[in-house]
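Per UniProt numbering, the sequence shown runs over residues 1 to 412. Just so you know, even glycine gets a beta-carbon here, dropped at the ideal spot from N, CA and C. Some notes on the structure that comes next.
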Amino acid sequence: MILHLDLISGISGDMCLGALVDLGVDPAWLQERLTPLFKGFSIHTAPVFRNGLRAVDLTVTVTDHKTSRTYPEIRSLIQKSDLPPDVKNNSLAAFEKIARAEAGIHGRDMESVHFHEVGGIDSLVDILGTFLAIDHLGVTQVTASEVPLGSGFVDCAHGRIPVPVPATLAILEGIPVIGSDAATEIVTPTGAALVAILAEKFGPVPSMVPAKIGYGAGKRDTKSRTPNILRLILGHFPEKTVAPDIGFDDEKFGMNLFQPPISRDRIAVITTLIDDMNPQISGFVMDHLLEKGALDVSFAPVHMKKNRPGIRMEVLCRPKDLELMIQEIFAQTSTIGVRYHFCDRAVLDREPARMKTVFGYLDAKKIKGPNGMNRLVPEFEALARVARQRDIPLQDVYAQVFSGAPDDWKLS
Numbered sequence: 001m002i003l004h005l006d007l008i009s010g011i012s013g014d015m016c017l018g019a020l021v022d023l024g025v026d027p028a029w030l031q032e033r034l035t036p037l038f039k040g041f042s043i044h045t046a047p048v049f050r051n052g053l054r055a056v057d058l059t060v061t062v063t064d065h066k067t068s069r070t071y072p073e074i075r076s077l078i079q080k081s082d083l084p085p086d087v088k089n090n091s092l093a094a095f096e097k098i099a100r101a102e103a104g105i106h107g108r109d110m111e112s113v114h115f116h117e118v119g120g121i122d123s124l125v126d127i128l129g130t131f132l133a134i135d136h137l138g139v140t141q142v143t144a145s146e147v148p149l150g151s152g153f154v155d156c157a158h159g160r161i162p163v164p165v166p167a168t169l170a171i172l173e174g175i176p177v178i179g180s181d182a183a184t185e186i187v188t189p190t191g192a193a194l195v196a197i198l199a200e201k202f203g204p205v206p207s208m209v210p211a212k213i214g215y216g217a218g219k220r221d222t223k224s225r226t227p228n229i230l231r232l233i234l235g236h237f238p239e240k241t242v243a244p245d246i247g248f249d250d251e252k253f254g255m256n257l258f259q260p261p262i263s264r265d266r267i268a269v270i271t272t273l274i275d276d277m278n279p280q281i282s283g284f285v286m287d288h289l290l291e292k293g294a295l296d297v298s299f300a301p302v303h304m305k306k307n308r309p310g311i312r313m314e315v316l317c318r319p320k321d322l323e324l325m326i327q328e329i330f331a332q333t334s335t336i337g338v339r340y341h342f343c344d345r346a347v348l349d350r351e352p353a354r355m356k357t358v359f360g361y362l363d364a365k366k367i368k369g370p371n372g373m374n375r376l377v378p379e380f381e382a383l384a385r386v387a388r389q390r391d392i393p394l395q396d397v398y399a400q401v402f403s404g405a406p407d408d409w410k411l412s
């Protein structure tokens, strides 16, 4: 399933969870799943209307009014829970993003950050409940529209601060935003963290088949003509478009005339120059960053000041992973500074496939070219596995696969 966040009037934790309830997630089920983590709360929902549109207003009522918790407290609470792995990882990532933003704004270490409004049980229910609900709905991809921002001032534990509040802006770094006529806060730090962790792409509604629409209501009077609602569009990935019969077999010729082959998104590019690190460490760093979510890691030789040979490391990642990648680079290498920027990229659409070869069926990628031609590219690990199992040179495996010549080596 694919889920699109249509941020009509921003996003907050209760708006998002309310919209998910409107999509069919049972509030009683959410309460049952979250009660082992913390007691003294109840989830209430009610239909309301915003500019004539029905939406779900969700409220978390608490008896434990402790609103300040440290980042380590919340991290430990999530780590010890029996939440599904993806729910746990996303929840940890969301609170880490909020903690990193707060630490940078207030000039303190992440471990000493106290969450005020975000530390209350109601906010914990909003964040953990959102990730639970999305997992429950079987969502595998999330996209979002540009993030609209309000204006004005709000009062918080630190006094009166401008809107968007600094934490929200810090969390949204690298994510496309747009102004609005709302005269108050319409994107909370909690809402910003949910968008930053969940959304893989930003822009209009992607190609999908809508199955159900959910509306979550905001509680503030935004002084805007736009209804204070969040719309979630849940749907299926579209079936492949079948070309009309025009006298030849399009599958035979690898043609797919009706499927747009190019996707566009925004990524972060991090670079650093290193001349004082053991080169044996480089390979480990590359593997480590890829495991942490980097899209690509590359090294290139450079000649640096004082006539020193060194390496230029470039890391590509999604904007939401920028801070994590920077921290990992500082921790894993000897560099004392990095440069980064955001850029748009265009990529050819691809999908997993199985390729028939002289060695049997191997894992491959099906890549859709801009001219409508499809091509199959075998996965390196699949070819390497054949080379190891057969005890033959990898280059011979490549030659056999791409030539399609008959072969005596058949995989059992």
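Residues sharing a beta bridge with residue i, DSSP
i	result
GLY129	For GLY129, which the question treats as bridged, DSSP gives no partner whatsoever.
THR143	HIS4, LYS201
LEU149	GLY179
ALA353	ALA364
HIS44	THR59
ARG54	PHE49
LEU232	LEU5, GLY214
PRO162	PHE153
HIS303	PRO309
ASP109	Answer by DSSP bridge pairing: none, since ASP109 is not bridged.
GLY10	ILE8
ALA196	Per DSSP, none; premise fails for ALA196.
VAL358	Note: VAL358 sits in no beta bridge, so no partner.
ALA346	ARG264
VAL187	ILE11
Rounded distance between the beta-carbons of residue j and residue i, thought under 8 Å
i	j	result
ALA193	ILE175	Not really, about 11 Å apart at Cβ, beyond 8 Å.
LEU58	GLY18	4 Å
ILE229	ARG50	5 Å
ASP344	LEU316	That pair is no contact at about 13 Å.
LEU348	ILE262	6 Å
LEU394	LEU383	6 Å
GLU328	LYS292	6 Å
ILE78	LYS88	6 Å
PRO189	ALA167	4 Å
LEU132	ARG33	6 Å
PRO164	VAL187	6 Å
PHE41	VAL62	5 Å
ILE2	PHE237	6 Å
LEU7	THR130	Contact flag wrong, Cβ pair sits at about 14 Å.
SER123	GLY13	6 Å
Extent of the continuous alpha helix (DSSP H) run through residue i
i	result
LEU20	13-22
residue 419	Residue 419 lies beyond the stretch modelled for the chain, which goes from 1 to 412, so this question has no answer here.
GLY283	280-291
ILE105	85-106
LEU77	71-79
Counted within 10 angstroms of its Cβ, other Cβ atoms place residue i as buried (16 or more) or exposed
i	result
MET325	buried
ARG231	buried
PRO279	exposed
ASP408	Residue placement at ASP408 is poorly supported in this model, since its pLDDT is 39, which falls under 50; the coordinates are not used for a value here.
PHE359	buried
SER9	buried
ALA185	What sits at residue 185 in the sequence shown is Glu, not Ala. When all chains shown are included, GLU185 counts as buried.
GLN389	exposed
GLU351	exposed
PHE202	buried
ASN374	buried
ILE392	exposed
PRO301	exposed
GLY337	exposed
THR241	Per-residue confidence for THR241 stands at a pLDDT of 43, beneath the threshold of 50, marking its modelled position as unreliable; the derived number appears in the next sentence. When all chains shown are included, THR241 counts as exposed.
ARG264	exposed
PRO378	buried
LYS219	exposed
HIS106	exposed
PRO204	exposed
Enclosing beta strand (DSSP E) for residue i [first to last residue]
i	result
ASN374	374-378
ALA331	Here ALA331 belongs to no beta strand (DSSP E); instead the alpha helix (DSSP H) covers 322-332.
ILE336	That residue, ILE336, is in no beta strand (DSSP E); it is neither H nor E in DSSP.
ALA28	It is not in any beta strand (DSSP E) - ALA28 instead sits in the alpha helix (DSSP H) that spans 27-34.
ALA294	Looking at the DSSP string, ALA294 is not in any beta strand (DSSP E), and its letter there is neither H nor E.
SER224	That residue, SER224, is in no beta strand (DSSP E); it is neither H nor E in DSSP.
ASP265	262-274
Minimum Cβ-Cβ distance from residue i to chain C less than 9 Å
i	result
SER42	Included in the structure is just one protein chain, with no chain C present.
Heavy atom of the ligand COA within 8 Å of residue i beta-carbon
i	result
GLY159	As far as ligands go, the structure on display features none, and thus does not contain the ligand COA.
Contact between the segment 195-209 and the segment 269-289: three or more CB pairs below 8 Å? no
Can you confirm whether the segment 141-150 touches the segment 176-185 when touching is taken to mean that 3 or more C-beta pairs between the two stretches lie within less than 8 Å? yes
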